[in-house]
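Heads up: the protein sequence lines correspond to chains A and B, in order. Each residue of the first sequence is one higher than the one before, starting from 17 at the first, in my numbering. Each residue of the second sequence is one higher than the one before, starting from 17 at the first, in my numbering.
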Amino acid sequence: MNKDVSIKVCMGTGGIAAGGGEVMAAFDRALTQRGIQASVEKHCSVHQVGCRGFCARDVLVDVIVDGAKATYEYIKPDMVEKIVSEHIVSGTPVAEWLVKDGYDDFHNKQVKVLLADCGELDPEDINAYINRKGYEATRKVLTTMTPRETIDEVKASGLRGRGGAGFPTGVKWESATKVDEPIKYIICNADEGDPGAFMDRAIIEGNPHALIEGMIIGAFAIGSHKGYVYIRAEYPLAVDRLRKAIVDAKAAGYLGENILGTGFDFDIKINLGAGAFVCGESTALMRSIEGRRGMPRPTPPRSTEKGLYDKPTVLNNVETLANVPYIIRNGAAWFAAYGTEKSKGTKVVALTGKIKNPGLIEIPMGVPLRQIVYDIGGGIEGGKRLKAVQSGGPSGGCIPVELIDTPVDFESLAKVGSIMGSGGMVVLDETDCMVNVAKYFLKFTESESCGKCIPCRIGTKRLLEILTRITEGKGREGDIELLESLSYDVMASSLCGLGQSAPNPIMSTIRYYRDEYEAHIYEKRCPAGVCKDLLSYSIVEEFCKGCTACSRVCPAGAIIGEKKKPHKIIQDMCIKCGACFETCKFKSIRKG
Amino acid sequence: MEDKLTAILTRYRENEGNLISIMQDIEHEFGYLREDAINWVSEQLDVPASKFYGIATFYAQFHLKPKGKNVITACCGTACHVKGSERLINSLVKELNIPDGDDTSEDLKYTVEKVNCVGACSIAPVIIVNKAVHGKVTPDKLMKEIKTLKEGPKKEYTDYI
Ligand SMILES: Cc1cc2nc3c(=O)[nH]c(=O)nc-3n(C[C@H](O)[C@H](O)[C@H](O)COP(=O)(O)O)c2cc1C
Ligand code: FES
């Protein structure tokens, strides 16, 4: 057998959860058994690759025979044998397991820059990265450019921070160079605290060297010799891969002393976060690296003047830094060709919630939301109707279905009362209650408030109390106005971005779904059928066949009735868990 | 205990660590922040124990009480929330007899931890059972998982002393 065979198994967090490790082992075993591995060692390899964004269909496997690539979805270890014998040995791909139904649309309608290498290269192999022009940008900057030229290039590209605020990266770097101080730091913010967002995790797991390269270039530009990556401990795989990547980069001479013989020294240290959302905020994050309670301080002075250990410090998000090597390699003009006038480049978006194809996608800035939800995401799952898209996490807001043509860029999202944030988008359908969504986010910010400033500590608590009573059917007249005025006060007077943006989910849901709030308060009704206290379940006798399925799943034993006769729910005992509603095949349970 | 702590302190001095990294190492080594361990380190470094407790109560990662043998981490992130994680968590707490306001069962067999997002949102809802990530969890799947936990060989979460 003289074929060139390469097998790529998706081994991101999603791939591993779906059994990627076992699939890889099964390939290894099946190939070794046939002696394929042994006889043509050089020509046949099984690789792990990072997340390619479509974790919902994991385990995804690419089988490339003599350059022809076929991708399989939902692969389990016991399917491997057949793929090896029919596809690799006999040359006919196993048609029924190949990807179908929207897989190509999902990928082809994206524009992949950062994600192009994720899912193609082995993240634990530095040579795989180098073979795809990796570390060329580092070499270019260190050997042919001055710090000034590097900053000008990044400024010209129009790159803006991907961590939330969208601050121009080149300008931030420049301000750090203006302070005369021999010790400076560069920090990568990999805390990714927004729930429902995972682009930074995927980039580190799938292409860690791009981040390292971005940090080296940033450090050179501002004159820093020590960098930190502050990464959440909840991402163990990303931490491991980054650790290995740093060791490999050091061994290859891209990190450490006298990099590439240019006399420039730079090293990176990893700091594990300890589970506090507020530590994503720049001043709090620096306190945390210093080993203290991560509480923000008032600014100015800005971190670029007085940051970590009071030294000038540049803090950038993972995605921001990972863009830098591509900008240097391909030129500022290439980058600026993507996107809109004020938002350049591409953005990685985590598309989740009630969507058919959830996953990680990359689009040029300014693409209409509709294209993301329908063309790439494949529309709403289960044939339900789209209600809204929540963007920007706990600091963000909801974009209602009527505004589905809003372009996704910094300015346009702000105009409709939401934010780009770090790029998490949660799709909500008609069965989601907007008051409950606002309550969910306030519960989050209330518990994550560090407590240093009063408006945030007590304000979020009061806001949550009001929302809670509304969802429990105890809402009072004037509650909506109270929410609005209190939100305004908390936003205006909080110390850091956490409090300043915490009321956003409330403001945006009141703006677009005031009627839903009113239904809860005045009619004691939850239109989406979510808020338990405003719900009751009953059985429609005509439809009930007496199959007893509901009484068997009821955890409270609240459903009685004889076999083949209509059943009944004892309201006093019902805990409103909805188990019967989901179990009934005859649609005879009524919610309302 | 002192040997392990000495090793932690050596590592800390070599790597220019900070109090948080020491505490993460202690938590990792013993499963929680043992009072005697904190006191010992506090004396060695001449840093008041209150500083350690200040940090411990600030960050969600630290535990002042021992964790259960089996640690089940439930994601409460947005994607998991809209996919029904709340119901999964309620049934976990009920099935494993976790007392109200606590996260560990009285027999120290199970800990149910809630986290804000484990970054696997596209396979929401996500539950992690002893470090194995389970995606697209349904109530049925969860019940099966709990059953195996209750009957199966007890997996050790970490070395205990
Ligand atoms: C409460 C709060 C949480 C934040 N969390 C994160 C985060 O998890 N990741 C991140 O990159 N930026 C986060 N930020 C934004 C950072 O403070 C900072 O603006 C960003 O890391 C700067 O990098 P950039 O210019 O590359 O975007 C957060 C801000 C606030 C106020
Ligand atoms: S919200 Fe649960 S994994 Fe992200």
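Yeah, the Cβ is synthetic: ideal placement off N, Cα and C, and Gly gets one too.
Within chain B, the residues that residue 309 of chain A reaches when beta carbons sit closer than 7 Å: 70, 71 and 74
Cβ of residue 480 of chain A within 9 Å of any chain B Cβ: no
Collapsed DSSP secondary structure at residue 366 of chain A in the structure displayed: strand
is_contact[residue 35 of chain B, chain A] using C-beta, thresh 9 Å: yes
Beta-bridge pairing of residue 246 of chain A - partner residues as DSSP gives them: A:205 and A:287
Contacts around residue 489 of chain A, its chain only, beta-carbon distance under 7 Å, and the 5 residues preceding and following it disregarded: 540, 549 and 550
C-beta neighbour in chain A for residue 107 of chain B, strict 9 Å: yes
Alpha-carbon to alpha-carbon, residue 245 of chain A and residue 76 of chain A: 30 Å
heavy atom of ligand 2 below 8 Å from residue 293 of chain A C-beta: no
Interface partners of residue 370 of chain A on chain B, CB under 7 Å: 98
DSSP three-state assignment for residue 151 of chain A, whether helix, strand or coil: coil
Partners in chain B for residue 217 of chain A, counting only beta-carbon separations shorter than 8 Å: 135
is_contact[residue 406 of chain A, chain B] using C-beta, thresh 9 Å: yes
Closest by C-alpha distance to residue 376 of chain A, when choosing among A:285, A:123 and A:199: A:123
Opening and closing residue of the beta strand (DSSP E) in which residue 320 of chain A lies: Looking at the DSSP string, residue 320 of chain A is not in any beta strand (DSSP E), and its letter there is neither H nor E.
Any chain A beta carbon closer than 9 Å to residue 138 of chain B: yes
Near ligand 1: residue 309 of chain A beta-carbon under 8 Å from a heavy atom: no
Neighbour list for residue 94 of chain B in chain A, Cβ cutoff strictly below 9 Å: 210, 211, 212, 213, 368, 369, 406, 409, 410, 440, 442, 453, 456, 457 and 460
Test item: CB-CB of residue 176 of chain A and residue 184 of chain A under 9 Å: yes
Residue from A:135, A:328 and A:158 with nearest C-alpha to residue 200 of chain A: A:328
Span of the alpha helix (DSSP H), counted from its first residue to its last, around residue 44 of chain A: 36–49
Cβ separation of residue 121 of chain B and residue 112 of chain B, assumed to be a contact under 8 Å, to the nearest whole Å: 6 Å
Simplified DSSP assignment, three categories, for residue 26 of chain A: strand
Residue-level contact to chain B via CB, residue 238 of chain A, 9 Å cutoff: no
Per DSSP, cross-strand counterpart(s) of residue 69 of chain A: DSSP, once it has assigned bridges, lists no residue as partnering residue 69 of chain A.
Interfacial residues, the stretch 295–321 of chain A to chain B, with Cβ spacing under 9 Å: 295, 304, 305, 306, 307, 308, 309, 310 and 311
Extent of the continuous alpha helix (DSSP H) run through residue 591 of chain A: Taken as a continuous stretch (DSSP letters only), residue 591 of chain A belongs to no alpha helix (DSSP H), as it is neither H nor E.
Whole runs of the alpha helix (DSSP H) within the stretch 172–201 of chain A, excluding any shorter than 4 residues: 185–193
Listed by chain order, chain A residues near residue 60 of chain B by CB distance under 9 Å: Per Cβ cutoff of 9 Å: no residues; residue 60 of chain B is ~16 Å from chain A at best.
Span of the alpha helix (DSSP H) around residue 200 of chain B: Since the first and last residues shown for chain B are 17 and 177, residue 200 of chain B lies out of range.
Pairwise C-alpha distance: residue 371 of chain A and residue 559 of chain A: 31 Å
Chain A within 9 Å of residue 152 of chain B, Cβ atoms only: yes
CB contact flag (residue 69 of chain B, residue 290 of chain A, <9 Å): no
C-beta atoms of residue 506 of chain A and residue 472 of chain A nearer than 9 Å: yes
Where residue 172 of chain B falls, given that 16 or more other Cβ within 10 Å makes a residue buried: Reliability of the predicted coordinates at residue 172 of chain B is poor, the pLDDT of 45 falling under 50, and the value obtained from them is presented with this limitation in mind. Residue 172 of chain B comes out exposed.
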